[in-house]
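Residue numbers (this note's numbering): 15 to 751.
Glycine included, each C-beta is placed from N, C-alpha and C at the ideal position.
Note that the coordinates shown come from a computational prediction; the quantities given were computed from them, not determined experimentally.
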């Protein structure tokens, strides 16, 4: 009792079992350590690595997509309605797209373009090839009508690679690294008081939390920020991009680009290339370039670029954590020989500094930012300054921003100042009244200079029914000496997305407009046309059947049972099988792998288990790829563990048991009850090896008896499988047995 009072826990003693149970130890060093170890095991279980990978499948025909969109600017002139159509299909292993934009009556500008794109994610020398309307290569790629080829990924993985984190603490302490609440790495501090290990990082901001735990319950938490710019490459990676074609860039007819990048190491990436243009005048512009970007230290990033006959660029930033950042960049433009494509006439020098600060870690919604930019031209100087802050006051999100514009030329000086304030909130009510969930937004801008460009806007919006949203707003402008009102209604149905609005101003009458868009999708496998409420040309989908694989061959054979009502997860989409066990999921990124899995809790039979926990499937563009998802009929495994003491046998409790699949990669872990019995439900049929944790056996001076069978056959349809295991003292000799 005294010990329970000192430790502030509950003690439960059971002398018949010779056990003492401590309850409520979460605040103690031991409880924290056990919690950390449990979270590490859970993190290992949900590593997210796929069990099965379905690579790219070059089907000659996997479906078709028809996009459409309408824009009605006036109901009095319906013949001037804007129309957009797009048709896409999978041809020759790639995506063929064709688009038309124009008016219903045929007047006004009309455009038609077509393209074909092939992607080979597993290749190294060429991963992308685009023909027709595409985008040029290089850091400033522009829309062209021509050809583009590259070995860069179609969809770059968010994973960049690894970085080394270092620190110091007391010898023997434990260190854990977290990002977004997920454990990345853990280790112990060495005898010198140092810790160092590689940590996986992604492109973009990587806010990393370092937790250091001492033996007496000490906890130290610090935060670091590791940013990886999107122009960086992992070490040893070489990428190229080549393109050529006609262009609609001002004053240009034709452009060609060659771009090469190389990841020197974890910190530095080099880039070099060429941009060329044929002007309408017949002259040619040549712009070779070189660039180097990287980090001097973990929080400091720098970069430089030279574009011949265009500019010198230098940049640097300091970001020790996600709560603080300051950046600087400067363009120094060439005054002689500069071409009219890359820079504006008269530009000489551009400097920009930006700043971000979140002063309190406990208040993540409060932050301040500032931005100042100065442009020097042959006509004068332009300066732009913006300083602002955002916070949450009760449930009202409020932001304020002070803006200063200062332009000076040889003959005039112009200054404009304004203070902008915005507030928004979502109304909540415990009684779920009619105004519950209504969003209110107010915006205003006050001219703090000599002008009169003040304005005020306010709007109220809320959901109407399941799929519609209504928004009503108004505005007042000092310079117009009047106001306006707007009413908007948007709806997302199963067939189309529709947005209708009406607005009116004093002395200007009332105007209205309507826009709508959607897609029609054709599945040749079913001979079925289905709709999608948004434009989705170039996207892809998955379809198939969830079935019970009676013969275990992984193929949906005739006569096998289908599973209605099964819930599936594919990337961030959720689908459910129909009464025939069929599913269909659309709007997935094509060519690259989409993660798909069956949610076991949605299966009506607890003895059905998915044949794989997670699969990655390469999605076909503008069509559906068929993936049938098999379920296996699992078995039950039960047994008992005995411990031999002399000539007597006793049942052993709390023994950790693991079943390791010999013809697969599954593992099942459990512990014996106090009577030595154990039970496992949902074990996939197969051959298994029985393991008991070696450290657990050694700490108790035990071993598995030599005559115990350490292999188990769980046969499909067997229902219940039972086995027994015998433990004995590790000091027994064979003659003693």
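Asked                                                                                                                         : Found
Coil, strand or helix - residue 747 by DSSP                                                                                   : With a pLDDT of 46 at residue 747, under the threshold of 50, the modelled position of this residue cannot be trusted; read the value that follows with caution. Correct three-state label for residue 747: coil.
Short Cβ contact (8 angstroms threshold) for residue 261 with residue 357                                                     : no
Check whether residue 524 and residue 516 have beta carbons under 8 angstroms apart                                           : yes
Boundaries of the beta strand (DSSP E) in which residue 273 is found, first to last residue                                   : 266–277
Beta-ladder partner(s) of residue 35, from DSSP                                                                               : 26
Neighbourhood of residue 221 by C-beta, 6 angstroms cutoff - its chain only, sequence neighbours within 5 removed             : 239 and 336
Min CB distance residue 639 to chain D below 8 angstroms                                                                      : Here there is only one protein chain, and chain D is not present.
DSSP state of residue 526 mapped onto helix, strand, coil                                                                     : strand
Endpoints, the beta strand (DSSP E) within which residue 282 is located                                                       : 282–293
Contact between the segment 665–675 and the segment 685–705 (3+ Cβ pairs under 8 angstroms)                                   : yes
Per-residue burial, residue 271 [other beta carbons within 10 Å of its own, 16 or more giving buried]                         : buried
Three-way DSSP call (helix, strand, coil) for residue 206 in this model                                                       : coil
Residue from 268, 273 and 308 whose Cα sits closest to the Cα of residue 279                                                  : 308
Which of helix, strand or coil DSSP assigns to residue 18                                                                     : helix
Best match in 668, 737, 26 and 175 for proximity to residue 652 [C-alpha to C-alpha]                                          : 737
Sufficient close CB pairs (3 or more, under 8 angstroms) joining the segment 330–347 to the segment 357–371                   : yes
Rounded C-alpha distance that separates residue 480 from residue 258                                                          : 48 angstroms
8 angstroms contact criterion, which residue 108 and residue 535 should meet: CB distance rounded                             : Residue 108 to residue 535, Cβ: 18 angstroms. No contact.
For residue 787, the residue or residues it bridges with in DSSP                                                              : What the structure shows of the chain is the stretch from 15 to 751, and residue 787 is not part of that stretch, so it cannot be assessed.
Inter-residue spacing [alpha-carbon to alpha-carbon] between residue 361 and residue 392                                      : 7 angstroms
Sufficient close CB pairs (3 or more, under 8 angstroms) joining the segment 243–252 to the segment 274–289                   : yes
Length of the line joining the Cα atoms of residue 213 and residue 200                                                        : 10 angstroms
Spatial neighbours of residue 15 in its chain, beta-carbon cut-off 8 angstroms, leaving aside the 5 residues before and after : Legend: pLDDT at residue 15 = 48, less than 50; position of this residue unreliable, value from coordinates given subsequently. Result list for residue 15: 25, in chain order.
For residue 179 and residue 630, the rounded distance between their alpha carbons                                             : 31 angstroms
Test item: CB-CB of residue 513 and residue 550 under 8 angstroms                                                             : no
6 angstroms Cβ shell around residue 103 - same chain, five flanking residues per side excluded                                : 78, 110 and 636
Residue 442 classed as buried or exposed, judged by whether at least 16 other C-beta atoms fall within 10 angstroms           : exposed
Residue 230, buried or exposed, once every other Cβ within 10 Å from all chains shown has been counted against 16             : exposed
Residue 176 and residue 215 closer than 8 angstroms at C-beta                                                                 : yes
Burial state of residue 693 (16 or more Cβ within 10 Å)                                                                       : exposed
Residue 713, enclosing alpha helix (DSSP H) - first and last residue                                                          : 708–713
C-alpha gap between residue 304 and residue 192, whole angstroms                                                              : 37 angstroms
Three-state secondary structure (DSSP) of residue 93                                                                          : helix
Cβ-heavy atom distance, residue 88 to the ligand GTP, below 7 angstroms                                                       : In the structure on display, the ligand GTP does not appear, and there are no ligands present to speak of.
Limits of the unbroken beta strand (DSSP E) element including residue 631                                                     : 629–632
With 16 other Cβ atoms within 10 Å as the buried cut-off, status of residue 242                                               : buried
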